[in-house]
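My numbering puts the first residue of the sequence shown at 16, with every later residue one more than the last.
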Amino acid sequence: MTATPQAYRLADSAPLEDEISYVWRKALRGRSLDAAGLAARCQVAPEAIAALIAGRAEPALVKAAAGVLGLHEPALRGLAQYQPKVSHVQGVTRLALPFEGDFVNAWLIREEDHVLLFDAGFERDSAATVLQRLGAADVQLFLTHDHRDHVGGLMGLQPLIKKQHQMHYGQSIRLGSLDVQCIDLSGHCLPTFGYVIRGLSKTFCVVGDALFAGSIGGCQDAYTYEMALRNLQHHVMSLPTRKPICRRQVTWEKVSKPALHGLVV
Numbered sequence: 016m017t018a019t020p021q022a023y024r025l026a027d028s029a030p031l032e033d034e035i036s037y038v039w040r041k042a043l044r045g046r047s048l049d050a051a052g053l054a055a056r057c058q059v060a061p062e063a064i065a066a067l068i069a070g071r072a073e074p075a076l077v078k079a080a081a082g083v084l085g086l087h088e089p090a091l092r093g094l095a096q097y098q099p100k101v102s103h104v105q106g107v108t109r110l111a112l113p114f115e116g117d118f119v120n121a122w123l124i125r126e127e128d129h130v131l132l133f134d135a136g137f138e139r140d141s142a143a144t145v146l147q148r149l150g151a152a153d154v155q156l157f158l159t160h161d162h163r164d165h166v167g168g169l170m171g172l173q174p175l176i177k178k179q180h181q182m183h184y185g186q187s188i189r190l191g192s193l194d195v196q197c198i199d200l201s202g203h204c205l206p207t208f209g210y211v212i213r214g215l216s217k218t219f220c221v222v223g224d225a226l227f228a229g230s231i232g233g234c235q236d237a238y239t240y241e242m243a244l245r246n247l248q249h250h251v252m253s254l255p256t257r258k259p260i261c262r263r264q265v266t267w268e269k270v271s272k273p274a275l276h277g278l279v280v
């Protein structure tokens, strides 16, 4: 049975994708370590690392492993209870689009006569279906990266697209009262484009898969992992506080180091 695409207000709750095991595995790959290597660095048996990845480790091992991998220990300990609270902003809608038994987010911003869509989802017609249901047309489309769960709906969207923007890092464009600035968030995918949107009641940053609720998007190797961290620190961590971050799974409204679950300190 095919899942139905849904539209949600910005403040509506959403399931978080990041389990503790995802955070550990992403960090291990990013630091070019395997479980045996981490066990040796922490001076424990490999079985202890298996328990760590499964979320069953003692606090002392969590602290030691976080130190080796450059993770933020308090955020790791609080990950299971982490639930971001985001206030509603008029004109911003989260589109939950089906993706192989799960959902992937796209982001819709409507302001005056302008309709902005960030990413296209996986299925050919899911994004188009929900946009038609919302009465959205003449869409200004922006893509964060070219992974299949973000571009699969491009063909189905064609009748609704007024323009697909291909921006350069650092470039800004004006659409009515909205200013859209393109930032470099490469790492999870090369390239990755983030977008800072100003002109609503709050400034927004759309990051695609560059940032998750509890970690960053998975990277292929240590080189791209360091690239991802560097770009997030430079372009996202530098934003003023209380800027909603619109990404794959949920929004995150407070930009601060403790809130960057899984990121290096």
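Where a beta carbon is used, it is the ideal one built from N, C-alpha and C, also for glycine.
Because the structure is a prediction, the values reported are computed rather than measured.
**Asked** Does the beta-carbon of Q98 have 16 or more other beta-carbons within 10 angstroms, so that it is buried, or is it exposed?
**Response** exposed
**Asked** Are the beta-carbon atoms of S230 and K100 separated by less than 8 Å?
**Response** no
**Prompt:** Do the stretch 30 to 38 and the stretch 129 to 138 make contact, defined as three or more Cβ pairs closer than 8 Å?
**Reply:** no
**Asked** According to the neighbour-count rule (16 or more other Cβ atoms, all chains shown, within 10 Å of its Cβ), is R109 buried or exposed?
**Response** buried
**Message:** Suppose you measure from the CA of A22 to the CA of R92; what does that come to, to the nearest Å?
**Reply:** 32 Å
**Asked** Starting from H249 and walking both ways along the alpha helix (DSSP H), at which residues does that stretch end?
**Response** 237 to 250
**Item:** Counterpart residues of F118 in DSSP-defined beta bridges
**Value:** P113
**Straight-line gap, C204 to I176 (C-alpha atoms, nearest Å)** = Roughly 24 Å separates the two Cα atoms.
**Request:** Using the Cα positions of F227 and G191, report the straight-line distance between them to the nearest angstrom.
**Result:** Across the structure, F227 and G191 are spaced so that their CA atoms are roughly 30 Å apart.
**Item:** Closest Cα partner of E126 within the set G106, F114, A66, A143
**Value:** If we check each option's Cα against that of E126, G106 comes out closest.
**Request:** Label S271 either buried or exposed according to how many other C-beta atoms from any shown protein chain fall within 10 Å of its C-beta, with 16 as the threshold for buried.
**Result:** Per-residue confidence for S271 stands at a pLDDT of 36, beneath the threshold of 50, marking its modelled position as unreliable; no derived number is given.
**First through last residue of the alpha helix (DSSP H) which encompasses S36** = 35 to 45
**Request:** Might you give, ordered along the chain, the residues of its own chain that have their beta carbon closer than 6 Å to the beta carbon of R44, omitting 5 neighbours on each side?
**Result:** none
**Item:** Option nearest G223 by Cα separation, candidates I64, L146, L123
**Value:** Checked all of I64, L146, L123; the closest Cα to G223 is L123.
**Prompt:** How would you label S47, buried or exposed, when you count the other beta carbons within 10 angstroms and need 16 or more for buried?
**Reply:** exposed
**Asked** When we look at the beta-carbon of Y240 and count the other beta-carbons within 10 Å, is it buried (16 or more) or exposed?
**Response** buried
**Buried or exposed (CB count within 10 angstroms, at least 16 for buried), P89** = With fewer than 16 Cβ atoms within 10 Å of its Cβ, P89 is classed as exposed.
**Request:** Return helix, strand or coil for V104, following the three-state DSSP convention.
**Result:** Annotated three-state conformation of V104 is coil, per DSSP.
**Prompt:** Who are the Cβ neighbours of V77 in its own chain at under 8 Å, not counting the five residues just before and after it?
**Reply:** Closer than 8 Å at Cβ, skipping near neighbours: L67, E88, L91, R92.
**Prompt:** Which two residues bound the contiguous beta strand (DSSP E) that contains C197?
**Reply:** 193 to 199
**CB-CB length for T144 against G209, believed under 8 Å** = T144 to G209, Cβ: 26 Å. No contact.
**Prompt:** Mapping DSSP to helix, strand and coil, what is S141?
**Reply:** helix
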